[in-house]
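J.: Sending over a structure as C-alpha cells; questions will come in a sec.
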Amino acid sequence: MNTTMHPTPLPSEQEAELARASGRDLSVVLSSRAETQQFDFKDDRGETRTVTLPTSFVRLMVEALAEIGQGNAVSLIPIHAELTSQEAADVLNVSRPYLIQLLDKGEIPYRKVNTHRRIRYDDVLAYKHRVDADRRAALDELSALHQEMGLE
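1 is the number of the first residue of the sequence shown in full-length UniProt numbering; add one for each residue after it.
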C-alpha cells in the first residue's frame, strides 16, 4: 500500500494555545487504567453525541496535541505504509541521494516498482531507532571517558 504524505501546515499560535490546553485536559484521562474512554461531543446545533475511544488512541491524541502545542505540524502515517525515497529521506531528515546510498548499502530494506524505490515506513523507523541508539551509546561512552579523565 502506497500512502502519500501530504504537507501539513504549521499550527497558528491560537491553535497551538488551544492544543496545549486540550492536551492538559485530556492527559488527566490517561491516569485511568480503563481500556476505553467515553467523550461527549457537541455539534454546532448543541446536540451531544457520546463516543467511546480506546485509551491507546487518547494517548496518541495527547502526544499529537503536545506537538501541535509546541508549534509543530503533525502527520499520521500507517506503520505499514510504503514511502517514496523522497518521503523516506524527509522522515529521516537526510537528502534523497544520501538515502539512496543507505538503500544501496542494505542499511534499509526496500523494493523496486519499475525504476522507483518503495520503502516501508516501519523499516525507516527501525533504521532511525538503530541510529539513535548507536548515537546515544557513543555519547555515553564519550561522557564516561570524559569523567574518567577528570575533565569538566
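Each residue gets a CB set at the ideal place from its N, CA and C atoms; glycine is no exception.
Model, not experiment: these values are computed from the prediction.
Once DSSP output is grouped into helix, strand and coil, what is the label at methionine 1?
T.: At methionine 1 the pLDDT is 43, less than 50, meaning the model places this residue with poor confidence and gives no usable figure here.
J.: Between leucine 10 and glycine 71, is the Cβ-Cβ spacing less than 8 Å?
T.: The answer is yes: Cβ separation under 8 Å.
J.: At 4 residues or longer, and completely inside the UniProt domain "Helix-turn-helix" (83-128): list those alpha helix (DSSP H) runs for me, N to C.
T.: Entirely contained in the UniProt domain "Helix-turn-helix" (83-128), the alpha helix (DSSP H) runs reaching 4 residues are, in chain order, 85-92 and 96-104.
J.: Excluding sequence positions up to five away, which residues of its chain have a Cβ less than 8 Å from the Cβ of leucine 103?
T.: The residues are Ser85, Tyr110, Arg117 and Ile119.
J.: Nearest to alanine 64 by CA position, among Val113, Ala21, Ala137 and Thr115, is which residue?
T.: Among Val113, Ala21, Ala137 and Thr115, the Cα nearest to that of alanine 64 is on Ala21.
J.: The beta strand (DSSP E) that contains residue 200, what's its start and end?
T.: Any question about residue 200 goes unanswered here, given that the chain covers just 1 to 152.
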